[in-house]
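Here is the structure we will look at, set down as structure tokens.
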Ligand code: ADP
Ligand code: MG
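Numbering (my numbering), first residue to last: 167 to 528.
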């Protein structure tokens, strides 16, 4: 078969694959490398990541600043072209043509961290929310579409908000306008990149509750990106923990937060305010992670408290320093997964009751 024919067959298959039962959104072995800049080599921002968001599911993607979360989020909505691997929406592979990307963005919408930056100060709420539908030629009964989106985003009654400008609203209301702008296209998935990071603590809960309500009322799926593992309790069904471009632990919220197995997840949990009264925070040592120089072996080993405690000449230490770990499968039916050579050995006896209070408060 010629390459052209192969491509045509592959494209046809992509369409046929768009399947009602398939995951809402999925990436497989995704890789995104930024070109060298400022005398530094290429940055492997996403370096082999599998992730899946089921229909009607909310998944939290958690990791420190610089680990590749935003790059992955942008690839999911088709704003960054993968260097390798693929993005799938309802089973269909995302193509690279501008028509395919435009269609994709109607179904999969990105909500950014800073509503102040996302909104044009000279644009009314009406125009901000109508912008997406106009771009997509969805202008039939635009008023009704904007009205409905504002109402769904909790800006009620909508007519009180339509003619306002961003500076006439609170940060929480501005973020609701951004969310209404996403909802106006009738998406089935929202990718929210640090949606509450720039908001006052008092309104964070409201915005997270809104995402939960949208899931319950509209069946909306969501990937919620955050540097704060604690946020997962309030919103997510499943959690994926990312370190230096790769998912290192994934599972249900209960599995990952109550029974963390990766030393990185444990370190993130140990610095949460309610992480247990008697527990000292695990401060990570070593250089901050650098995607231009990914360490050999387990990419976390230079900062790993478990590795630091091993006899350096030992067989186990050698494995951590030299053997890379496989990309974790995103298949939730496989249960919780962890990418750590030592995970099976690292369970603390008192771990089970460690987050009881947090769990009960959920
Ligand atoms: P996060 O959202 O987790 O903070 P990002 O996806 O923004 O992480 O960035 C991941 C890594 O890629 C960082 O080290 C960042 O410096 C680098 N990076 C991001 N954008 C670019 C770019 N346009 N060119 C080069 N490197 C980039
Ligand atoms: Mg980011």
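Every residue gets a Cβ at the ideal spot worked out from N, C-alpha and C, and that includes glycine.
Asked                                                                                                                        : Found
Check whether residue 340 and residue 332 have beta carbons under 7 Å apart                                                  : yes
Between the CA atoms of residue 284 and residue 471 - distance to the nearest angstrom                                       : 39 Å
Contact test: residue 292 Cβ vs the ligand ADP heavy atom, cutoff 6 Å                                                        : no
Residue 375: CB within 6 Å of a non-hydrogen atom of the ligand MG                                                           : no
Backbone CA spacing between residue 464 and residue 265 [nearest angstrom]                                                   : 40 Å
Heavy atom of the ligand ADP within 6 Å of residue 530 beta-carbon                                                           : The requested residue 530 does not occur in the structure, where the chain is confined to residues 167 to 528.
Residue 231 Cβ short of 6 Å to the ligand ADP heavy atom set                                                                 : yes
Supposed close pair residue 236, residue 390 - CB separation, criterion 8 Å                                                  : Contact flag wrong, Cβ pair sits at about 13 Å.
Proximity test, residue 208 beta-carbon vs the ligand ADP heavy atom, cut-off 6 Å                                            : no
Cβ neighbour criterion (16 or more within 10 Å) applied to residue 213                                                       : buried
Proximity winner among 279, 377, 268, 282, relative to residue 298 (alpha-carbon distances)                                  : 268
Between the CA atoms of residue 348 and residue 277 - distance to the nearest angstrom                                       : 7 Å
Sub-7 Å separation of residue 330 and residue 291 beta-carbons                                                               : yes
Distance CB(residue 362)-CB(residue 338) smaller than 7 Å                                                                    : no
Residues of its chain near residue 453, where Cβ-Cβ distance is below 8 Å and the 5 sequence neighbours each way are ignored : 468, 469
Collapsed DSSP secondary structure at residue 412 in the structure displayed                                                 : strand
Reduced DSSP category for residue 574 - H, G, I as helix; E, B as strand; rest coil                                          : Limits of the chain in this structure are 167 at one end and 528 at the other, which puts residue 574 out of reach.
Any non-hydrogen atom of the ligand SAM closer than 6 Å to residue 289 Cβ                                                    : By its list of ligands, the structure shown excludes the ligand SAM, since it contains just the ligand ADP and the ligand MG.
Inter-residue spacing [alpha-carbon to alpha-carbon] between residue 494 and residue 306                                     : 44 Å
Where the beta strand (DSSP E) through residue 359 begins and ends                                                           : 355 to 359
heavy atom of the ligand ADP below 6 Å from residue 430 C-beta                                                               : no
Residue 239 beta carbon less than 7 Å from that of residue 248                                                               : no
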